[in-house]
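Residue numbers are given in UniProt numbering: position 44 of the sequence shown equals residue 44, and the series is strictly consecutive. Glycine residues also receive a C-beta, built at the ideal position from the N, C-alpha and C atoms. Computed from a predicted structure; not experimentally measured.
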Amino acid sequence: MAEAQEQQPQEPMHKGSNRIQVSSSKKPMFFYVNLSKRLLAEHGDIHLSALGMAVSTMVSIAEILKKDGLAVETRLSTCMDSLGGEGGRRPVQKAKMEILLKKSDNFDELIAAEKERQAAEGAAHHEEEEEHGEEDGEEAEE
Numbered sequence: 001m002a003e004a005q006e007q008q009p010q011e012p013m014h015k016g017s018n019r020i021q022v023s024s025s026k027k028p029m030f031f032y033v034n035l036s037k038r039l040l041a042e043h044g045d046i047h048l049s050a051l052g053m054a055v056s057t058m059v060s061i062a063e064i065l066k067k068d069g070l071a072v073e074t075r076l077s078t079c080m081d082s083l084g085g086e087g088g089r090r091p092v093q094k095a096k097m098e099i100l101l102k103k104s105d106n107f108d109e110l111i112a113a114e115k116e117r118q119a120a121e122g123a124a125h126h127e128e129e130e131e132h133g134e135e136d137g138e139e140a141e142e
């Protein structure tokens, strides 16, 4: 019996790591947008999940990714989830929504273009700071 258990394949360590539980109060929305981009690049799909008031934040995240052409919605599900109910307390019903997104066909090109744009903006900002620094130094010498 022990031999049969050893031969069974083990679950991969990363299983479930493409799942994002969205909160409306713990992190800013663009934290989740950026995390979603990273996980889409790594896994090819992501599973967004939210309860109660966080549902609207999650929908906004999904819509930003779709509007930017980075993701395609493959599944959407809604339900009521019972929370609590231990210790004689009544369970609380919360709205729950889950969205499964996959990478768009041009995801990699869009991300590469975004990184190039950010690098160019960073270089331009750095040059601007150097120019202002030189001007300040010249004024100080006069």
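Proximal residues to residue i (C-beta, below 7 Å), its chain only, five neighbours per side dropped
{"i": "residue 100", "result": "45, 47, 74 and 75"}
Contact check, residue i vs residue j, beta carbons under 8 Å
{"i": "residue 18", "j": "residue 39", "result": "yes"}
{"i": "residue 71", "j": "residue 115", "result": "no"}
{"i": "residue 49", "j": "residue 98", "result": "yes"}
{"i": "residue 24", "j": "residue 62", "result": "no"}
Candidates the options: closest to residue i by CA position
{"i": "residue 66", "options": "120, 122, 33 and 95", "result": "33"}
{"i": "residue 110", "options": "88, 25, 30 and 41", "result": "41"}
{"i": "residue 96", "options": "77, 35 and 24", "result": "77"}
{"i": "residue 58", "options": "89, 35 and 131", "result": "35"}
Contacting residues, own chain, Cβ-Cβ under 6 Å from residue i (five flanking each side not counted)
{"i": "residue 94", "result": "51, 52, 81 and 83"}
Endpoints, beta strand (DSSP E) assigned at residue i
{"i": "residue 97", "result": "91-103"}
{"i": "residue 29", "result": "Taken as a continuous stretch (DSSP letters only), residue 29 belongs to no beta strand (DSSP E), being part of the alpha helix (DSSP H) at 29-43."}
{"i": "residue 83", "result": "71-84"}
Range of the contiguous alpha helix (DSSP H) that encloses residue i
{"i": "residue 23", "result": "Looking at the DSSP string, residue 23 is not in any alpha helix (DSSP H), and its letter there is neither H nor E."}
{"i": "residue 58", "result": "54-67"}
Worksheet item: How about the stretch 83-99 and the stretch 113-129: do they share at least three Cβ pairs that are nearer than 8 Å?
Response: Inter-segment contact for the stretch 83-99 and the stretch 113-129 is absent: fewer than three beta-carbon pairs are separated by less than 8 Å.
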